[in-house]
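Trainee: Residue numbers (the UniProt record's numbering), protein chains in the order written: chain A, 1 to 322; chain B, 1 to 322.
Every residue, glycine too, gets a C-beta built ideally from N, C-alpha and C.
2 protein chains.
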Amino acid sequence: MAVYTDVAADELADFLKDYEIGELLSYKGIAEGVENSNFLLHTTSGSFILTLYEKRVAKGDLPFFLSLMTHLASRGVNCPQPVKDKSGEALRTLAGRPAAIITFLEGVWPRKPNAAHCAGAGKVLAETHLAGADFAMSRANALSVSGWRPLFDQAAARANEVQSGLHDFLGAELDYLESGVWPQHLPQGVIHADLFPDNVFFLGDRVSGIIDFTFACTDMFAYDVGICLNAWCFEADYSFNVTKARALLSAYGRERPMSKAEEDALPLLARGSALRFLLTRLVDFLNVPKGALVRPKDPLEYVRKLRFHQSVSSIRDYGVLV
Amino acid sequence: MAVYTDVAADELADFLKDYEIGELLSYKGIAEGVENSNFLLHTTSGSFILTLYEKRVAKGDLPFFLSLMTHLASRGVNCPQPVKDKSGEALRTLAGRPAAIITFLEGVWPRKPNAAHCAGAGKVLAETHLAGADFAMSRANALSVSGWRPLFDQAAARANEVQSGLHDFLGAELDYLESGVWPQHLPQGVIHADLFPDNVFFLGDRVSGIIDFTFACTDMFAYDVGICLNAWCFEADYSFNVTKARALLSAYGRERPMSKAEEDALPLLARGSALRFLLTRLVDFLNVPKGALVRPKDPLEYVRKLRFHQSVSSIRDYGVLV
Numbered sequence: 001m002a003v004y005t006d007v008a009a010d011e012l013a014d015f016l017k018d019y020e021i022g023e024l025l026s027y028k029g030i031a032e033g034v035e036n037s038n039f040l041l042h043t044t045s046g047s048f049i050l051t052l053y054e055k056r057v058a059k060g061d062l063p064f065f066l067s068l069m070t071h072l073a074s075r076g077v078n079c080p081q082p083v084k085d086k087s088g089e090a091l092r093t094l095a096g097r098p099a100a101i102i103t104f105l106e107g108v109w110p111r112k113p114n115a116a117h118c119a120g121a122g123k124v125l126a127e128t129h130l131a132g133a134d135f136a137m138s139r140a141n142a143l144s145v146s147g148w149r150p151l152f153d154q155a156a157a158r159a160n161e162v163q164s165g166l167h168d169f170l171g172a173e174l175d176y177l178e179s180g181v182w183p184q185h186l187p188q189g190v191i192h193a194d195l196f197p198d199n200v201f202f203l204g205d206r207v208s209g210i211i212d213f214t215f216a217c218t219d220m221f222a223y224d225v226g227i228c229l230n231a232w233c234f235e236a237d238y239s240f241n242v243t244k245a246r247a248l249l250s251a252y253g254r255e256r257p258m259s260k261a262e263e264d265a266l267p268l269l270a271r272g273s274a275l276r277f278l279l280t281r282l283v284d285f286l287n288v289p290k291g292a293l294v295r296p297k298d299p300l301e302y303v304r305k306l307r308f309h310q311s312v313s314s315i316r317d318y319g320v321l322v
Numbered sequence: 001m002a003v004y005t006d007v008a009a010d011e012l013a014d015f016l017k018d019y020e021i022g023e024l025l026s027y028k029g030i031a032e033g034v035e036n037s038n039f040l041l042h043t044t045s046g047s048f049i050l051t052l053y054e055k056r057v058a059k060g061d062l063p064f065f066l067s068l069m070t071h072l073a074s075r076g077v078n079c080p081q082p083v084k085d086k087s088g089e090a091l092r093t094l095a096g097r098p099a100a101i102i103t104f105l106e107g108v109w110p111r112k113p114n115a116a117h118c119a120g121a122g123k124v125l126a127e128t129h130l131a132g133a134d135f136a137m138s139r140a141n142a143l144s145v146s147g148w149r150p151l152f153d154q155a156a157a158r159a160n161e162v163q164s165g166l167h168d169f170l171g172a173e174l175d176y177l178e179s180g181v182w183p184q185h186l187p188q189g190v191i192h193a194d195l196f197p198d199n200v201f202f203l204g205d206r207v208s209g210i211i212d213f214t215f216a217c218t219d220m221f222a223y224d225v226g227i228c229l230n231a232w233c234f235e236a237d238y239s240f241n242v243t244k245a246r247a248l249l250s251a252y253g254r255e256r257p258m259s260k261a262e263e264d265a266l267p268l269l270a271r272g273s274a275l276r277f278l279l280t281r282l283v284d285f286l287n288v289p290k291g292a293l294v295r296p297k298d299p300l301e302y303v304r305k306l307r308f309h310q311s312v313s314s315i316r317d318y319g320v321l322v
């Protein structure tokens, strides 16, 4: 949570003259999103989010994210929509950063997801996978197997500072996942790749929409399901809640039934996704810049999650009756 | 800028049931305010600010702040208004903190104030002083002369780590201001005591209102003017802009003419206010907790400002023709 780049009021008012969204009434930096600076704007025509993309986001990827949001909405997935300026551009520059305005999505994200929330997440994940099926663009997943070794190399020398034995634990897991076991032929398409609770908004018990496509890419659908198992189904004490997992997987399956091959691969994909978040968190944790305004997330949470998935032998251990 | 305390969505929705402000649509932690946690709420009836008061704010002072906002608005000063719950209470408890909901004030604060902004600040400051004249409550200024020695004592041993010679510079200034020179009989009343640019909102060139009464107290009006000279009239390179000062002081004087005694005291009061911000920033700077999400403000900015005021011999040096 942070605002890395502030914007002057007159600069923003000038910027908005190129849009047809009314006069600026107020803007507040909001404490969400760890990668970018986000402002909630009120104008005479409504509420909007202004995002300034900071350097960790590759500018070349932005058209993919923005087009995807438009595409998903056209297929019925409620998500923020890029607002184009008078010349038809959604991606602009402000305060020296790539910048985009998107519509504001009402809704609140569940700080303590219950099983109904998990079912909502599973359903909207499947809907997103189906809606993306005919999306023309693609984007490689830089944070899949081939991206993990470079992350490990960045963190390896200091991994044991975080937890004794962590270096060898990570090395062994990485060796295993690189040994040819990673699935190659499961159904693929656009995945969100970061559908944590703070990216799924609810109004009452219903999902009002999903946000933050900064990690969206082309990869296996079942990998996205694995990410959600990690993001939604563990308790604060890292115990795995099979009721929540069953709710999530059942809701997903009602929209998009998984194949037997996908179900069989799920424990491995969940391991991989746990390793992915463990590695990025570890690198962030070891590289907090002096004076940083963002508290790094705890990498050890994902050591616990990874160990759990290592112990899983089939999708039955996630609570699914097959 | 920070959100120290997060609130769960269901907890907030429950809390709002005691109010008549509609259903919760969204809430975002906002990156403003260094003392408290602030959330921008959207409900079916509009926008509101929810503040959770963190421990640096004394709970006993909150009724003063909330009543003052109501009083000032009743006298024509536009500022956020406390929203009472169904039982008439404005001050509640949420997430273990004292909490209040106030109306949302549209407007943007000037990141780079020009002379017109300074005039707006001077005018609204005087209006606030006049509007507060018949406010019944009072609150001592804990950050006036008698409060500075304890702050100095907290920082003294390590002051020279921040700048060589700072300990003796502060000690000498404090000795001087405590030597009986501080004014005793100037006009007093409710002062804002923190009317920095981020607390004055504009729509176009017009002030739309003022916010953040967390430091409001009973003290000399001219001391509040001295605070504003420090807050509004220095450039980024710490040079003093007499055009801005003249604009601020003239606009103030048109609403509430200062007496000769107040004008004569202004350089001294500006010195005192510079020392007050210097000391609190120094203490904060030396006591940043590990893992803090707030970057402390630079205390040395106020060394430069204090030295400027030490060189001032009369209000003429602030650009005022007397």
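Candidates B:L125, B:M137, B:I102, B:D212: which alpha carbon is nearest B:G60's?
Mentor: The residue with the shortest Cα to Cα distance from B:G60 is B:M137.
Trainee: Determine, for A:L16, whether the minimum Cβ-Cβ distance to residues of chain B falls below 7 angstroms.
Mentor: With 7 angstroms as the cut-off, A:L16 does not count as an interface residue toward chain B.
Trainee: Which same chain residues end up closer than 6 angstroms to B:C118 when comparing Cβ atoms and leaving out the 5 residues on each side of it in sequence?
Mentor: Cβ within range, chain order: W232, K244, A247, L248.
Trainee: With DSSP as the reference, please indicate the residues paired to A:N141 in a beta bridge.
Mentor: Its beta-bridge partners do not exist; DSSP assigns none.
Trainee: Under a CB-based cut-off of 7 angstroms, is B:V320 close to chain A?
Mentor: By this cut-off, B:V320 is not an interface position.
Trainee: According to DSSP, is A:I227 part of a helix, a strand, or is it coil?
Mentor: It is helical.
Trainee: List, in chain order, every chain A residue whose beta-carbon is nearer than 9 angstroms to that of B:Y27.
Mentor: Within 9 angstroms Cβ-Cβ: V108.
Trainee: Take B:S140 as the anchor and find which of B:A100, B:T218, B:Y318 has the nearest alpha-carbon.
Mentor: Note that residue 140 of chain B corresponds to Ala in the displayed sequence, not to Ser. Ranking the options by Cα distance to B:A140, first place goes to B:T218.
Trainee: For B:D18, I'd like the list of residues in its chain whose CB is within less than 6 angstroms of its CB, leaving aside the five on either flank, ordered along the chain.
Mentor: Taken in chain order, the residues that qualify are D85, K86.
Trainee: Using a beta-carbon distance below 7 angstroms, is B:I211 in contact with chain A?
Mentor: Output row for B:I211: interface = no.
Trainee: In chain B, what lies closer than 8 angstroms to A:E32 by C-beta?
Mentor: Within 8 angstroms Cβ-Cβ: K28, G29.
Trainee: At a CB distance below 9 angstroms, what residues from the region 82-105 of chain A approach chain B? Give them in sequence order.
Mentor: Taking 9 angstroms as the Cβ-Cβ cut-off against chain B, the residues of the region 82-105 of chain A that qualify are F104, L105.
Trainee: Who are the neighbours of A:D284 on chain B, taking C-beta pairs under 8 angstroms?
Mentor: Going along chain B, no residue has its Cβ under 8 angstroms from A:D284, so there is no contact; the nearest lies around 14 angstroms.
Trainee: Would you please verify whether the beta carbon of A:R111 is less than 7 angstroms from any beta carbon of chain B?
Mentor: Yes, contact with chain B.
Trainee: Can you list, in chain order, the residues of its chain with a C-beta nearer than 6 angstroms to that of residue 323 of chain A? Leave out the 5 residues immediately preceding and following it.
Mentor: Residue 323 of chain A lies beyond the range of chain A shown here (1 to 322); nothing can be said about it.
Trainee: Please list, in chain order, all residues of the same chain as A:A308 whose beta carbon is under 6 angstroms from its beta carbon, the five residues on each side excluded.
Mentor: Inspection of the sequence shows that residue 308 of chain A is occupied by Phe rather than by Ala. Around A:F308: F240.
Trainee: Hey, A:L66 and A:A216: beta-carbon distance below 7 angstroms or not?
Mentor: No, these two residues do not count as a Cβ contact at 7 angstroms.
Trainee: Excluding the 5 residues flanking residue 323 of chain B on each side, which residues of the same chain have their C-beta closer than 6 angstroms to its C-beta?
Mentor: Since the first residue shown for chain B is 1 and the last is 322, residue 323 of chain B is missing from the structure and cannot be characterised.
Trainee: Return the residue from the list B:V108, B:L72, B:G46 that minimises the CA-CA distance to A:L12.
Mentor: The shortest C-alpha separation from A:L12 is found at B:V108.
Trainee: Could you give the C-beta distance for B:E255 and B:E89, rounded to a whole number, given that I count them as a contact under 8 angstroms?
Mentor: 34 angstroms between Cβ atoms; not a contact.
Trainee: Anything in chain A within Cβ reach of B:A9, meaning under 8 angstroms, just list it in chain order.
Mentor: Under the 8 angstroms cutoff, chain A gives V108, W109, P110, R111, F202.
Trainee: Hey, is B:L52's beta-carbon within less than 7 angstroms of any beta-carbon in chain A?
Mentor: Judged by the 7 angstroms Cβ criterion, B:L52 is not in contact with chain A.
Trainee: Please state if the CB of B:A265 and the CB of B:P187 are separated by a distance shorter than 7 angstroms.
Mentor: Their beta carbons are not under 7 angstroms apart, which means B:P187 does not touch B:A265 by this criterion.
Trainee: Between which two residues does the alpha helix (DSSP H) containing B:V283 stretch?
Mentor: Per DSSP, B:V283 belongs to the alpha helix (DSSP H) from 260-286.
Trainee: Give me the chain A residues within the contact set of B:D205, using Cβ-Cβ distance strictly less than 9 angstroms, ordered along the chain.
Mentor: Near B:D205 there are no residues of chain A at all, since even the closest Cβ is about 11 angstroms away, more than 9 angstroms.
Trainee: Give me the residue from A:N36, A:H71, A:L62, A:G22 with the minimum Cα distance to A:F48.
Mentor: Checking every option, the nearest Cα to that of A:F48 belongs to A:G22.
Trainee: I'd like the list of long-range same chain contacts for B:A133, defined as Cβ closer than 6 angstroms, with 5 residues on each side in sequence excluded.
Mentor: Counting only Cβ-Cβ distances below 6 angstroms, and skipping sequence neighbours, we find G189.
Trainee: Are the Cβ atoms of A:A274 and A:Y318 separated by less than 7 angstroms?
Mentor: Cβ distance not < 7 angstroms, so A:A274 and A:Y318 don't count as in contact.
Trainee: Between B:L40 and chain A, is there a C-beta pair that is closer than 7 angstroms?
Mentor: So, interface residue.
Trainee: Taking the C-alpha atoms as reference points, what is the distance between B:V242 and B:V288?
Mentor: One C-alpha to the other measures close to 35 angstroms.
Trainee: For the beta strand (DSSP E) holding B:T93, just list the boundary residues, first then last.
Mentor: Its beta strand (DSSP E) spans residues 92-94.
Trainee: Under three-state DSSP, which class holds B:G132?
Mentor: If DSSP states are grouped into helix, strand and coil, B:G132 belongs with the helices.
Trainee: Does the beta-carbon of B:V225 have 16 or more other beta-carbons within 10 angstroms, so that it is buried, or is it exposed?
Mentor: Classification for B:V225: buried.
Trainee: Along the chain, where does the beta strand (DSSP E) that runs through A:T218 open and close?
Mentor: Per DSSP, A:T218 belongs to the beta strand (DSSP E) from 217-220.
Trainee: Return helix, strand or coil for B:L41, following the three-state DSSP convention.
Mentor: It is a strand residue.
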